[in-house]
Structure formats: structure tokens, C-alpha cells
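Q:
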Amino acid sequence: MKDLITIGVINYNRREYIEQCIKSIEEQTYSNTELIIIDDCSTDGSQDFIRSYNRDNYSFILHDKNTGNPAKAINEIIEKAKGEYIFLMASDDYLTKDCISELYNHIGDSDFCYSGYFVVDKRGIIHQTVNALYYSPDDAVKRVLLHGGSGVITTVGLYKAQFLKNAGYILYNDIEFDTLNVMRFIKLGYKYKPYSFRPLMYYRRDGKNRSYDMRYRAEKVNAGLNYIIDNFDISKFGVEKEDIPKIFYKLIDNYYNGIVPNYPNDGIPKEEMDLIVEPFKRSIEKYSKK
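Numbering (my numbering), first residue to last: 3 to 292.
1. May I ask which residues mark the beginning and end of the beta strand (DSSP E) holding PHE165?
2. If we ignore side chains and look at the alpha-carbon of each, how far apart do ASN107 and CYS101 end up?
3. Considering only the alpha carbon of each residue, which of LYS167, ASN168, MET275, MET203 lies closest to ARG219?
4. What are the start and end residues of the beta strand (DSSP E) that includes ILE40?
5. For PHE120, does the three-state DSSP call read helix, strand or coil?
6. Any contact of the stretch 9-28 with the stretch 91-99, i.e. 3+ C-beta pairs under 8 Å?
7. What is the residue span of the beta strand (DSSP E) that GLY226 lies within?
8. Considering just the uninterrupted stretch of the alpha helix (DSSP H) at HIS108, what are its terminal residues?
9. From which residue to which residue does the beta strand (DSSP E) around ASN13 run?
10. Helix or strand or just coil, what does DSSP make of PHE89?
11. Can you grab the Cα-Cα spacing for the pair GLU244 / LYS288, in whole Å?
12. Over the uninterrupted beta strand (DSSP E) stretch that includes SER128, give me the two end residues.
13. How about ASP113 and TYR161: do their beta carbons lie closer than 8 Å?
14. Keeping to the same chain, check which residues put their C-beta closer than 6 Å to that of SER213; ignore five residues upstream and five downstream.
15. Which one of ILE80, ASN13, ASN59 has the shortest CA to CA distance from GLY47?
16. Kindly indicate which residue of ARG17, SER44, ILE7 has the alpha-carbon position closest to the one of ASN34.
17. For the 8 Å Cβ check, are there 3 or more pairs between the stretch 119-126 and the stretch 192-210?
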């Protein structure tokens with residue numbers, strides 16, 4: 003029998019999409035799976051559906067208080083997982099039928115294997131295709147540091163369970179950020195491998211994703227950049243100590259001038275933008291003192 007794979011789904015108020023997500027898991031050609039759903043105190047009927055759903059190798063955890071913290075849910079999945087591998091995803095996303103099988107057959111001796119994805123709207127209409135590319139560890143860190151904090155390696159994909167159980171999923175400066183954890187995994191020396199043949203996932207962008215809230219985004223980007231600056235030798239990327247504040251000044255200019263991909267700021271009052279960029283101002287103060 004092939005290895006057991008744990009599929010972990012994180013949900014918060016995504017009742018309108020979670021059935022499609024689970025259906026795509028049920029239809030996987032790779033059959034030896036267990037499903038774990040973590041719900042962060044949804045108020046839209048999600049918990050009733052999760053309770054009523056029934057299949058073999060299925061379990062769930064329903065929070066009675068909203069944590070607003072995906073890292074907590076991810077760590078609960080990691081702790082509860084029985085599989086040799088763990089696949090993590092959000093409940094508004096869904097998979098091609100051979101997603102798990104293809105990643106499993108491709109991962110080899112790597113700790114993580116990821117594919118590209120289709121960006122879809124509320125109705126499932128494809129608006130963008132994002133292909134999986136390989137970046138060396140140094141290039142991945144450099145691109146995040148010097149190009150606005152956006153990650154180039156996803157966290158959605160197939161992990162060797164032992165790697166995740168050893169590494170865990172963390173907050174940094176009380177902020178959870180997928181890219182931050184990718185940087186941390188690189189620091190830990192994880193081996194990652196893209197599945198570059200075709201996208202195997204559908205990523206939902208409907209305006210309700212918290213990752214597309216500019217204020218939340220700025221906090222996450224700031225935490226990720228702080229992690230890189232505090233934990234990597236950034237001089238090899240041509241960034242010296244005195245250059246660090248310039249990174250955050252550039253981000254502030256980009257936010258005020260609307261140069262933030264997928265984050266339109268038309269009509270945002272200056273007073274609100276002042277609050278959005280506050281994390282970057284804190285970092286300028288922090289690194290100007292060092």
C-alpha cells in the first residue's frame with residue numbers, strides 16, 4: 003500500500019466554497035489519504051457542515067473562539083497528522099484530480115513539492131495561470147528582500163510529515179506569514195522541488211481573502227522582511243546595515259503610489275494609508291538605531 007497522506011484544510015467562514023474543496027479531495031486518484039479540517043470559529047454555517055460530513059479517515063477540530071491565526075491551525079494539523087506526508091490547503095481552494103498523486107510521485111527525497119496554480123474568482127473562472135518555478139535558496143531570499151516582500155515559493159503543497167513535525171509553523175513578531183515560514187524553512191535547510199509541468203491547484207481570489215487586505219498584508223510583509231534581516235547575512239545580496247531603512251522607505255513609496263500588485267488602493271484616504279504603512283515606519287526606526 004502507498005504511504006498515507008494527510009490532507010489538512012483550514013477554514014474560516016468559507017461555507018460557500020468548502021464543499022467544492024472537499025469534493026476535489028474525494029475525487030483524488032491517490033486514495034490512501036486522511037482528511038483533517040480545522041475551523042477557526044466560523045459563524046456562516048461552516049461548523050454544522052463540518053460536523054455533518056462523513057467519510058473514512060476524517061477528523062476535525064472546531065475552535066470555540068476565533069484566533070485569527072492560521073499558524074495555530076496549521077500546527078494543529080501537523081500535530082494530529084498520521085500520514086507520512088502532509089498536504090496543506092485553504093478551504094476556498096480546490097485541486098485537480100491527480101494533484102496529490104502527481105506531487106507524491108515527484109517529491110523524491112525533497113522535503114516539499116509544489117505546483118503552479120490557476121487563480122480563479124468566486125465563480126471559478128480562471129483569471130491567471132501561475133507556473134511553479136525553481137529558485138535557489140539565496141535567490142529566493144534575495145527576491146523577497148529586494149522586491150517588496152512577496153514570496154516566490156508557495157507553502158501550499160506536499161510536505162514530508164517529519165520535516166513539518168520537526169520545524170513547526172511559527173509567528174514572528176506576533177505575525178503569521180507564509181513567506182516568512184518559507185524563509186525559515188530555507189534557513190533550516192529544507193529541500194524543495196517544483197512540479198513544473200502544469201498547475202495542479204485552483205487558488206480562489208474573491209476579495210474576501212484576508213491575504214488581500216492591504217493593512218494585514220503590510221504587517222505580514224514587514225514581519226517577513228524583519229525575519230530575513232535578523233536571520234540572514236544580507237550583505238551577500240548587496241545590502242549593508244545602513245541600506246536597510248531604504249528597503250522600507252521604498253515600500254512606503256510603493257504603497258502610496260499604488261505599486262503593489264493585486265492591491266488596488268484607488269480611493270484609500272491618506273489617513274488610512276498612513277495607518278497601513280505604519281509597520282514599515284516602525285522598521286525604519288528599528289533599523290536606523292542599530
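Here a beta-carbon is modelled for each residue, glycine too, at the ideal position from N, C-alpha and C.
A: On the basis of the coordinates in this document:
1. Not the beta strand (DSSP E): PHE165 falls in the alpha helix (DSSP H), residues 163-169.
2. 10 Å
3. MET275
4. 35-41
5. strand
6. yes
7. Where GLY226 is concerned, there is no enclosing beta strand (DSSP E), although the alpha helix (DSSP H) it sits in stretches over 216-233.
8. 101-109
9. 7-13
10. strand
11. 12 Å
12. Checking the sequence shown, residue 128 turns out to be Ile, not Ser. Its beta strand (DSSP E) spans residues 128-132.
13. yes
14. Residue placement at SER213 is flagged as unreliable, the pLDDT there being 48, under the threshold of 50; the coordinate-derived value follows with that caveat. Hits under 6 Å: none found.
15. ASN13
16. ILE7
17. yes
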